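A.B. asks:
Numbering (my numbering), first residue to last: 7 to 383.
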C-alpha cells in the first residue's frame with residue numbers, strides 16, 4: 007500500500023458582526039482550520055486536520071511534504087513526526103510544520119485502521135472503550151451583552167455534567183464567573199477554568215486563591231505557554247491542579263512540561279502536537295511521571311474524532327479497579343458548523359456521555375456537501 011494523493015482543504019466560518027467571542031486576551035469572529043485528505047493506491051481515504059490557517063498549511067504541504075508523502079507507505083507513519091525534526095532541521099519545530107505533520111499523521115492512522123478493520127484507539131494500545139465523559143467548553147467572553155450564566159444553563163440543559171469556563175480578566179471577575187458556574191452546575195460537577203495565559207505568576211496566584219473555595223478541577227494556562235519559569239514558580243503556590251499544552255508542539259516541548267511535574271495535566275491538541283504518533287509518546291512520558299493527559303479540542307469534527315480516539319486509548323495508570331476521576335473530553339459549545347455539520351453522523355454529547363466510534367480508523371464519514379459549504383480555497 008502506498009499513498010498516491012494528498013490534498014489540503016482549508017475551511018472557514020465567520021461569526022456575524024457583534025457576535026465575536028473569545029477569552030481574556032480578546033475576541034475573535036473567524037474560525038478556520040485545514041483538513042488533509044490522503045488516498046492510497048487501493049482507494050482507501052484517510053482524513054486528518056492541521057489546526058492552522060489554510061494558506062500557511064496548504065503552502066507548507068505543497069512545498070515541504072507533498073513529494074515525500076506521495077509514495078509513502080502509511081504504515082511508516084511513526085517516522086513522520088521524527089523526520090520532521092531532522093529534515094528540515096531548522097524549521098521542524100515551527101507551529102505550522104507541526105500542524106501539517108499532525109494532519110498527515112492522523113490521516114495515515116485513519117488509513118491503517120480502515121485497512122486492518124480496527125478503530126484507532128485499539129491500534130494505539132487501548133482496551134475497548136465505548137464512551138467518554140464530555141465537558142462543555144463554554145462561558146466565553148463575548149462582544150454581545152449577555153448574562154454570564156446563560157451558557158452554563160444551556161450546558162446543563164444539554165446534559166453536561168462538567169464544564170470549563172473562561173476567566174483571566176481580573177481576579178474579582180474570575181471569582182464571580184466561577185461562583186456563578188458552580189451554583190448552576192451543582193456541587194458534584196467537574197468545573198475547570200481557562201486563563202489562556204493572560205496572567206503574570208503573582209496575578210495567577212491571586213486569582214487561584216479567589217476561586218479555590220469553588221472546588222476547581224484544574225486551572226488551564228495560568229501564564230503564557232512560553233513562560234516556563236512562571237509555571238515552575240506557580241507549582242508551589244497554587245493548590246489547584248495546573249493544566250497546559252494546547253500551545254505546545256511535539257514531545258520535546260511536552261517533556262519540559264512533564265519533567266519534575268511542572269504541570270499536573272498535559273493537553274496535546276491532535277491537530278498541532280505532531281498527531282497520534284507524538285501524542286502516544288507524550289502520553290507515555292506523562293504516565294511515567296504520573297501526570298494526567300486530557301486532550302485539547304477546539305477543532306473541526308475531524309480533530310474531534312482524532313481526540314476522541316486518542317482519549318479512549320489513554321491508560322488509567324496508576325488506577326486499577328477504582329477510577330477516581332473520569333477521562334474528560336473537551337466539547338466546545340461555541341458556534342462552529344465545521345464541528346457540528348461536517349460528519350454524516352455527528353458527535354452527540356447530550357446525556358453526559360459521548361460515544362467512541364467503533365468503526366475502522368477514526369470511525370467517521372465526511373459530509374461532502376458540508377465540506378463544500380465551508381471550503382475557503
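Backbone N, C-alpha and C fix where the C-beta goes; we use that ideal spot for every residue, glycine too. Predicted model, so just to flag it, every value in this text is computed and none were measured.
#1: Sorted by chain position, which residues of the same chain lie with C-beta nearer than 8 Å to residue 64's C-beta, five sequence neighbours on each side aside?
#2: What does the Cβ neighbour count give for residue 323, buried or exposed, with the cut at 16 atoms within 10 Å?
#3: Indicate the three-state DSSP secondary structure (helix, strand or coil) for residue 291 in the structure shown.
#4: Tell me the DSSP secondary structure of residue 12 in three-state form.
#5: Just to confirm before moving on: does the CB-CB distance between residue 195 and residue 225 stay below 8 Å?
#6: Measure the alpha-carbon distance for residue 293 versus residue 23 and round it to whole angstroms.
#7: What does DSSP give as the partner residues of residue 139 in its beta bridges?
#8: In terms of residue numbering, what span does the beta strand (DSSP E) encompassing residue 218 cover?
#9: Along the beta strand (DSSP E) that carries residue 51, what are the first and last residues, could you check?
#10: Select from 75, 157, 82 and 117 the residue whose C-alpha is nearest the C-alpha of residue 338.
#11: At what residue ranges does the region 213-288 contain a whole run of the beta strand (DSSP E), taking only runs of 3 or more?
#12: With which residues is residue 176 paired in a DSSP beta bridge?
#13: Is the distance from the Cβ of residue 174 to the Cβ of residue 202 below 8 Å?
#14: Looking only at C-alpha atoms, which of 230, 85 and 371 sits nearest to residue 347?
#15: Candidates 331, 278, 333 and 358: which alpha carbon is nearest residue 104's?
#16: Between the region 164-172 and the region 50-59, can you find at least three pairs of beta-carbon atoms closer than 8 Å?
#17: Could you compute how far the alpha carbon of residue 164 sits from the alpha carbon of residue 10?
#18: With distance defined between alpha-carbon atoms, name the residue in 200, 232, 374 and 230 nearest to residue 217.
#19: Using DSSP with H/G/I as helix, E/B as strand and the rest coil, what is residue 20?
#20: Quick one: residues in its chain with C-beta nearer than 6 Å to the C-beta of residue 198, no 5 flanking neighbours on either side, listed in chain order?
#21: Would you kindly check if the distance between the Cβ of residue 367 and the Cβ of residue 107 is under 8 Å?
#22: Determine the closest residue to residue 378 out of 365, 361 and 349, with distance taken between C-alpha atoms.
#23: Report yes if the CB atom of residue 271 is closer than 8 Å to the CB atom of residue 300, and no otherwise.
#24: If you draw a straight line from the C-alpha of residue 246 to the C-alpha of residue 283, how long is it?
#25: Where does the unbroken beta strand (DSSP E) through residue 33 begin, and where does it stop?
#26: Helix or strand or just coil, what does DSSP make of residue 116?
#27: Compute the beta-carbon to beta-carbon distance between residue 207 and residue 232, rounded to the nearest angstrom, for a pair I have assumed lies under 8 Å.
#28: Using beta-carbon positions only, say whether residue 58 and residue 36 come within less than 8 Å of one another.
#29: Can you find the residues in the same chain that come closer than 8 Å, C-beta to C-beta, to residue 261, ignoring five residues on each side of it along the sequence?
#30: If you draw a straight line from the alpha carbon of residue 268 to that of residue 214, how long is it in whole angstroms?
#31: Under 8 Å, Cβ to Cβ, is there at least one residue of chain B near residue 314?
C.D. replies: So, from the listed chains and residues:
#1: So the list reads 14, 16, 40 and 383, once near-sequence residues are dropped.
#2: Counting the other Cβ atoms within 10 Å of the Cβ of residue 323 gives fewer than 16, which makes it exposed.
#3: Note: residue 291 maps to helix in three-state DSSP.
#4: It is a strand residue.
#5: No. Outside cutoff.
#6: One C-alpha to the other measures close to 45 Å.
#7: Per DSSP, 334.
#8: Membership of residue 218 in any beta strand (DSSP E) is not indicated, and neither H nor E is assigned to it by DSSP.
#9: Note, residue 51: beta strand (DSSP E), 51-56.
#10: Taking only the C-alpha atoms, the option nearest residue 338 is 157.
#11: 224-226 and 248-250, all fully within the region 213-288.
#12: Its beta-bridge partners do not exist; DSSP assigns none.
#13: The Cβ atoms of residue 174 and residue 202 sit closer than 8 Å to each other.
#14: Minimum Cα distance to residue 347 is reached at 371.
#15: Nearest C-alpha to residue 104: 278.
#16: Contact fails: fewer than three Cβ-Cβ distances are below 8 Å.
#17: Computed Cα separation, rounded: 43 Å.
#18: Comparing Cα positions, the closest option is 200.
#19: Looking at residue 20 - three-state DSSP - the assignment turns out to be strand.
#20: The answer, listed in chain order, is 170, 223 and 224.
#21: Between residue 107 and residue 367, the gap from beta carbon to beta carbon reaches 8 Å or more.
#22: Considering only alpha carbons, the answer is 349.
#23: Judged by beta-carbon spacing, residue 300 lies within the 8 Å limit of residue 271, meaning their Cβ atoms are closer than that value.
#24: Taking the Cα positions, residue 246 is about 30 Å away from residue 283.
#25: For residue 33, the enclosing beta strand (DSSP E) covers residues 32-34.
#26: Residue state, collapsed to three classes: helix.
#27: Residue 207 to residue 232, Cβ: 13 Å. No contact.
#28: No.
#29: Correct list, in chain order: 291.
#30: Going by the C-alpha atoms only, they are around 17 Å apart.
#31: In the structure shown, chain B cannot be found, because there is only a single protein chain.
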